[in-house]
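Taking it in order: structure first as structure tokens, then the write-up.
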Amino acid sequence: MPHARHRSSLPGTLLLACASLCFTAVHAQTPTIALPASAATSNAAPALDARAPSPPTIPASQAGTLALDQQVRWLSRAARSGLLASMPDAELVTLFESLDPLTLPHYLRQGPNGYASYEFTLVRRERIRGVWPNRPDHMLVRLTRDPLRIYAKWLPDGAHAGQELIYDDSKRPDQIYGHLGGVLGVVPMWASLHGPLARAQSNHSVRDLGVEYITRQFLAEGQKFADAGVTRPSRIEVKTIEGERVVAFTYETPIGQPEFYAKKEILGLDLHRPYFRSAESFDNDGNIFESIVFQEIVPKTFDDLTFDPHNPDYRF
Numbered sequence: 004m005p006h007a008r009h010r011s012s013l014p015g016t017l018l019l020a021c022a023s024l025c026f027t028a029v030h031a032q033t034p035t036i037a038l039p040a041s042a043a044t045s046n047a048a049p050a051l052d053a054r055a056p057s058p059p060t061i062p063a064s065q066a067g068t069l070a071l072d073q074q075v076r077w078l079s080r081a082a083r084s085g086l087l088a089s090m091p092d093a094e095l096v097t098l099f100e101s102l103d104p105l106t107l108p109h110y111l112r113q114g115p116n117g118y119a120s121y122e123f124t125l126v127r128r129e130r131i132r133g134v135w136p137n138r139p140d141h142m143l144v145r146l147t148r149d150p151l152r153i154y155a156k157w158l159p160d161g162a163h164a165g166q167e168l169i170y171d172d173s174k175r176p177d178q179i180y181g182h183l184g185g186v187l188g189v190v191p192m193w194a195s196l197h198g199p200l201a202r203a204q205s206n207h208s209v210r211d212l213g214v215e216y217i218t219r220q221f222l223a224e225g226q227k228f229a230d231a232g233v234t235r236p237s238r239i240e241v242k243t244i245e246g247e248r249v250v251a252f253t254y255e256t257p258i259g260q261p262e263f264y265a266k267k268e269i270l271g272l273d274l275h276r277p278y279f280r281s282a283e284s285f286d287n288d289g290n291i292f293e294s295i296v297f298q299e300i301v302p303k304t305f306d307d308l309t310f311d312p313h314n315p316d317y318r319f
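Note that the working numbering gives residue 10 to position 7 of the sequence shown, counting from 1, and the numbers run on in steps of one.
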């Protein structure tokens with residue numbers, strides 16, 4: 004039941020920077036669905052919610068015996084209380100193997116899958132024109148959902164360091180503003196949201212940026228996987244990726260591309276909140292063509308200056 008996304012690496016013209024930002028979007032043919040109303044409204048920190056409930060009274064070893072709706076409630080409480088994060092790797096694997104295959108998508112669907120306003124860092128790579136980049140992008144992103152506004156900066160320890168990008172749906176919904184960074188690259192310009200420059204590094208739209216999108220695509224592809232006879236992940240394991248501990252679910256389709264976004268997807272579930280922190284996509288030959296890991300995810304409130312190119316902290 005995976006999500007979808009696609010491609011990265013930089014030629015040398017401005018809004019290639021913009022394209023580099025457009026990473027968590029879906030293949031053009033992948034259907035989209037509306038997220039629940041609560042999907043981006045939480046203001047609680049991912050792992051430090053002062054209102055966190057007590058752990059569920061039913062032990063993890065018995066969670067798989069519950070009815071589906073009870074399993075979903077159990078999983079939500081176990082995550083928010085910190086129980087999942089405290090469990091050893093082997094117990095986490097046993098737990099998720101015991102749950103109904105519909106528990107995970109129902110848990111994700113009830114949300115919240117993200118935040119109304121938040122800041123995050125991420126590490127990402129995409130295969131562009133057959134080339135897998137030697138160095139990943141490391142990015143800082145500030146985002147609000149209503150209206151959709153985005154500021155992104157490529158950090159010094161990653162590829163394309165110094166690039167910046169701003170998108171504001173309330174002002175120019177079809178335009179992106181950005182620059183390449185570096186000594187000669189700080190020449191900001193506007194470019195079309197869906198134009199050739201914005202697609203030079205990715206098949207994705209900047210509008211799909213954020214943790215919500217991976218979850219949305221996972222849910223959208225769910226019925227296709229069920230129709231293909233894939234109702235359970237082929238593998239469940241616990242991984243630490245870029246310092247983040249996740250439960251990783253591997254889904255592999257019998258058909259592969261182009262009917263599905265990827266032949267194989269590995270999705271890393273956050274242990275505190277109902278969203279995926281990591282995603283890897285593989286083509287029909289088993290080659291990885293996309294990887295993304297969300298690192299720090301922090302709910303924050305931003306003022307208008309955050310999405311203004313005249314912000315003195317920016318280099319537009």
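Positions of the beta carbon are idealized from the N, C-alpha and C atoms, including for glycine.
Distance CB(residue i)-CB(residue j) smaller than 8 Å
i: P283; j: I269; result: It should be pointed out that residue 283 corresponds to Glu in this sequence rather than to Pro. Yes. Within cutoff.
i: L102; j: A66; result: yes
i: L274; j: L87; result: yes
i: F279; j: F221; result: yes
i: G259; j: N290; result: no
i: P59; j: R80; result: yes
i: L71; j: L111; result: no
i: L196; j: I217; result: no
i: L95; j: V209; result: no
i: R54; j: T309; result: no
Assigned secondary structure, residue i (DSSP; H/G/I helix, E/B strand, else coil)
i: Q178; result: strand
i: S101; result: helix
i: R238; result: strand
i: V209; result: helix
i: A63; result: helix
i: A31; result: Residue confidence is low: A31 scores 34 on pLDDT, short of 50, so the model does not pin down where it sits. Its coordinate-derived value is still stated next. A31 falls in the coil class under three-state DSSP.
i: I217; result: helix
i: V249; result: strand
i: V301; result: strand
i: W77; result: helix
i: F123; result: strand
i: K227; result: helix
i: A37; result: Reliability fails at A37, whose pLDDT of 33 lies under 50, so the model's placement of it is uncertain and no value is given.
i: G233; result: Correcting the residue identity first, residue 233 is Val in this sequence and not Gly. DSSP places V233 in coil when its eight states are reduced to three.
i: L95; result: helix
i: T256; result: coil
i: T44; result: Interpretation of T44 is limited by its pLDDT of 38, a score under 50 that renders its predicted location unreliable; no figure is taken from the coordinates.
i: R128; result: strand
i: A88; result: helix
i: F263; result: coil
i: A82; result: helix
i: H141; result: strand
Anticipated Cβ contact below 8 Å, residue i with residue j, distance rounded
i: I244; j: G271; result: 6 Å
i: F319; j: P236; result: Not a contact, Cβ separation roughly 43 Å.
i: T124; j: L143; result: 5 Å
i: V126; j: V250; result: Not confirmed; about 19 Å, so no contact.
i: F252; j: K266; result: No, F252 and K266 are not in contact; Cβ-Cβ is about 15 Å, not under 8 Å.
Closest residue to residue i among the options (Cα-Cα distance)
i: G117; options: R276, D286, I295; result: R276
i: A162; options: D149, F285, T147, L183; result: L183
i: R152; options: T106, G133, S120; result: S120
i: R76; options: S57, M90, A93, W157; result: S57
i: D307; options: Y170, S79, L158; result: Y170
i: K303; options: Y278, R148, A229; result: R148
i: G232; options: E255, V249, E122; result: E255
i: F263; options: P176, Q226, L158; result: Q226
i: A93; options: E167, D288, I239; result: I239
i: R132; options: Y154, A70, N206; result: N206
i: Q113; options: A155, P139, A229, R219; result: R219
i: Q298; options: E129, H141, R130, G198; result: H141
i: W157; options: R138, K174, P150; result: R138
i: Q73; options: P91, R130, H109; result: H109
i: G181; options: Y154, E122, S173, D230; result: Y154
Exposure of residue i, with buried meaning 16 or more beta-carbon neighbours within 10 Å
i: I300; result: buried
i: A223; result: buried
i: P136; result: buried
i: T68; result: exposed
i: D177; result: exposed
i: L168; result: buried
i: D160; result: exposed
i: E215; result: buried
i: P257; result: exposed
i: R128; result: buried
i: S89; result: exposed
i: R130; result: buried
i: S281; result: buried
i: P115; result: buried
i: L230; result: First, the residue type needs correcting, since residue 230 is Asp and not Leu in the sequence shown. Classification for D230: exposed.
i: D316; result: exposed
i: S294; result: buried
Closer than 8 Å to chain D by CB, residue i
i: A82; result: Absent from the structure: chain D. Only one protein chain is present.
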